[in-house]
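Each remark here refers to the structure printed beneath this line.
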Amino acid sequence: MSAVITPAAPAAVPAARSRGYWASVGVRVMRDPVFWVAASVVLALLAMAVFGPWIAPADPQASSMLSRLKPIGTEGHPLGTDELGRDLLSRLIVGARLSLFMGITPVILAFVIGSAIGILAGYAGGFVNTSIMRTIDVFYAFPSVLLAIALSGALGAGIGNALLSLTIVFIPPIARVAESVTTQVRNRDYVEAARASGAGAFTIVRVHVLGNVLGPIFVYATSLIAVSMILASGLSFLGLGVKPPEPEWGLMLNTLRTAIYVQPWVAALPGVMIFITSIAFNLLSDSLRAAMDNK
Amino acid sequence: MLAYLLRRVLYTLPIMAGVALVCFALVHLAPGDPLVAILPPDASEDLQNQLRTLYGFDRSLPEQFVSWVWRALQGDLGTSIASNRPVTTEVMTAVVNTLRLAVVATLIGFFFGCLFGFVAGYFRNSWVDRGASLLSVLGVSVPHYWLGMVLVIIFAAQLNWLPATGAGPGGSGDWVWNWEHVKHMLLPAITMSVIPMGIVARTVRALVAEILAQEFVVGLRAKGLTHFGVFRHVVKNAAPTALAVMGLQLGYLLGGSILIETVFAWPGTGFLLNSAIFQRDLPLLQGTILVLAMFFVVLNVVVDIVQSLLDPRIARS
């Protein structure tokens, strides 16, 4: 029995660097067929939003009293016309820009503001945490649809007010997620080690907290986009968001509502666009979450 | 246990105060003079001041807030600017209508959500599971106001089976549980039930899968328990969470019914809120939101308490 235990010889050639967390999440996501379908739909919608005015076959604002409420399949108007004789296909395509803008902007704003509030609360702890999180709890006491409608109802119709109220609606849930993840990260050993080695609060937050916290918040925020799309269009549907004659799906649904006895299927089309968008974002965020959970 | 319940109830008091503050702030967030809606454009300075005193808008904000809360506690939410009727009466009639619709919708959603969720969780990764999961994704993704429109198109405009709008011959006040009334409720209730159905199905699926993976289930099976016997245990373990989700969904539906009520002209709180917004009837807006939000807060507490009674582990953690 030899007294010397020889340590295992180090591998002569260092093994290929193992994949980092995000790279492996990426690989898992790429293997998910649902992700590809959802991502292609989202990309197509974004392309419509960017290039809409050039793709649209007709002028979305050109009305004609002679060709009002034509059915689907009319010559020159493949998806029919609306109550003012405007080409519906063109309006649906051009409407992507404003509809997606109204749905996505509040989530981005709330992501920035909510993360900042949540990280501050989570990192500071103590009294700061309590006072921030109890204020957030008050906003949590309102069902989101009610809060959105109450705020934009009080502020009045308009794009800016609708964006403002939706942002306020989404800040509390994002801040809650940010706070709980930050609180977990704050107590990790590596944060302790960084503090012991003299790193200031700002450096710790920038290097250690942000790097670990933004991912989960981002995935959570993507799941809010579907809700936000439905809510934003809902506000326009009630007459609280975008004002006519701008093409926006919720508003189009509102103005076409009176036509359900004349051209029912034409009237339902803008809702199909909202539905498709919201399904695509829901599937996208489900597949991202599944890839991240799978540790 | 008692300490937990007491703590949970006491904790809602500051939340309620905060909710009242937000509702109060809403009116003062609104641009313009709240009296503009009722005053003729050429109203004299005198008349303006009279009305301002009548509605209390001439006092300082903290003063207004305190007196508003004080009167709200006694059940007085002020007078509607548009209809000149007490806000409390208007809101209560509407709340009853909304509650009736929301409860029916929640029950429908809960039943089908549990059904799909259980089947999907039991037969994980089978085609039944994929179908049920797809249905629940569709349920949470559908813009419900659009679904309402589509149902009206199919069942009212095309087939002519069911009425498109309204709450039946009784109007907003007199509801009777007969076919003449219930047929008005079917479409809005089905529309409304889709959201809780999707969410309940998702939750129950995850719960069932999680419970089935636990060791005690293997133990039960090894003991020779029948499928039905195991099923009973799964239901017992999933029930507290599923019921809690259902309770919260009822609250969300109460607050979120405005879009569906607008589509179906259902005389509930959503309809009231809608008219309050467009007539700029701020006391009515404030009162309706306050009642709905308070209801939601109370419901949250009740759900927590029921859940902790069903599953004592929650109170201990």
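So the protein lines, in turn, are chains V and Y. With numbering that gives the first Met the number 0, the residue at position 277 of the first sequence is 276, and numbering never jumps. With numbering that gives the first Met the number 0, the residue at position 139 of the second sequence is 138, and numbering never jumps. Glycine included, C-beta positions come from ideal geometry on N, C-alpha and C. Quick caveat: nothing in here was measured; it's all calculated off a predicted structure.
Note that the C-beta distance between Ala140(V) and Val90(Y) is not below 8 Å. Note on geometry: alpha-carbon atoms of Gly267(Y) and Asn159(Y) lie some 24 Å from one another. For the pair Val137(V) and Ala292(Y), the Cα-to-Cα distance works out to about 10 Å.
Where Pro215(V) is concerned, the enclosing alpha helix (DSSP H) starts and stops at 209-237. Counting along the chain, the unbroken alpha helix (DSSP H) around Trp178(Y) starts and ends at 178-211. Taking 9 Å as the cut-off between beta carbons, the residues of the segment 134-160 of chain Y near chain V are Val136, Leu137, Val139, Ser140, Val141, Pro142, His143, Tyr144, Trp145, Leu146, Met148, Val149, Val151, Ile152, Ile153, Ala155, Ala156, Gln157, in sequence order. Note on geometry: alpha-carbon atoms of Asn128(V) and Val208(V) lie some 16 Å from one another. Against chain Y, the CB of Arg256(V) has a partner CB under 8 Å away; the residue lies at that interface.
Pairwise C-beta distances place the segment 107-117 of chain Y in contact with the segment 126-144 of chain Y, as three or more of them are shorter than 8 Å. In the structure shown, the three-state DSSP call for Thr73(V) is strand. Burial check for Asp41(Y): the Cβ neighbour count within 10 Å stays below 16, so the residue is exposed. When Cβ-Cβ separations below 8 Å define contact, Pro172(V) makes no contact with chain Y. At least one CB atom of chain V sits nearer than 8 Å to the CB of Phe295(Y).
Counting along the chain, the unbroken alpha helix (DSSP H) around Tyr122(V) starts and ends at 87-123. As computed with DSSP, Pro56(V) is found in no beta bridge at all. When Val93(V), Arg133(V), Ile229(V) are compared, the shortest CA-CA separation from Ala43(V) is found for Val93(V).
Gly152, Ala153, Leu154, Gly155: these are the residues of the segment 151-163 of chain V whose beta carbon lies less than 7 Å from some beta carbon of chain Y, given in chain order. For Asn299(Y), the closest of Val94(Y), Thr261(Y), Phe263(Y), Gln248(Y) by C-alpha to C-alpha distance is Gln248(Y). Chain Y places no beta carbon closer than 8 Å to that of Pro70(V), leaving this residue out of the contacts. Arg201(Y) counts as buried, since no fewer than 16 other beta carbons sit within 10 angstroms of its beta carbon. Leu284(Y) has a beta carbon lying within less than 8 Å of a beta carbon in chain V.
Apart from sequence neighbours up to five positions away, the residues of its chain that approach Val244(Y) with a beta-carbon distance below 7 Å are Ile198, Val199, Thr202, ordered along the chain. Sorting Ala231(V), Leu91(V), Ala200(V) by C-alpha distance to the C-alpha of Met47(V) places Leu91(V) at the top. Counting along the chain, the unbroken alpha helix (DSSP H) around Thr268(Y) starts and ends at 268-277. DSSP places Thr78(Y) in the strand class (E or B) of the three-state scheme. Under DSSP, the beta-bridge partners assigned to Pro85(Y) are Thr78(Y). Gly233(V) reaches chain Y at Pro142, Tyr144, Leu258, counting residues in chain order whose Cβ is nearer than 8 Å. In terms of Cβ geometry, Ala177(V) and Gly121(V) form a close pair [threshold 8 Å]. When DSSP states are grouped into helix, strand and coil, Thr225(Y) belongs to the coil group. Fewer than three beta-carbon pairs drawn from the segment 244-259 of chain V and the segment 166-177 of chain V are found closer than 8 Å, and the two stretches are therefore not classed as touching. Here Ile259(V) really is in contact with Ala156(Y); their C-beta atoms are around 6 Å apart, less than 8 Å. Against chain V, a Cβ distance below 8 Å from Val26(Y) picks out Ala153. At a beta-carbon threshold of 8 Å, none of the residues of chain V lie near Tyr3(Y); the nearest stands roughly 18 Å away. Among the residues facing chain Y, Ala38(V) is not included, as its CB has no counterpart in that chain under 8 Å away.
In this structure, Ile259(Y) lies near Thr190(Y), with their beta-carbon atoms less than 8 Å apart. With respect to Arg67(V), Leu78(V) sits apart: the two C-beta atoms are not nearer than 8 Å.
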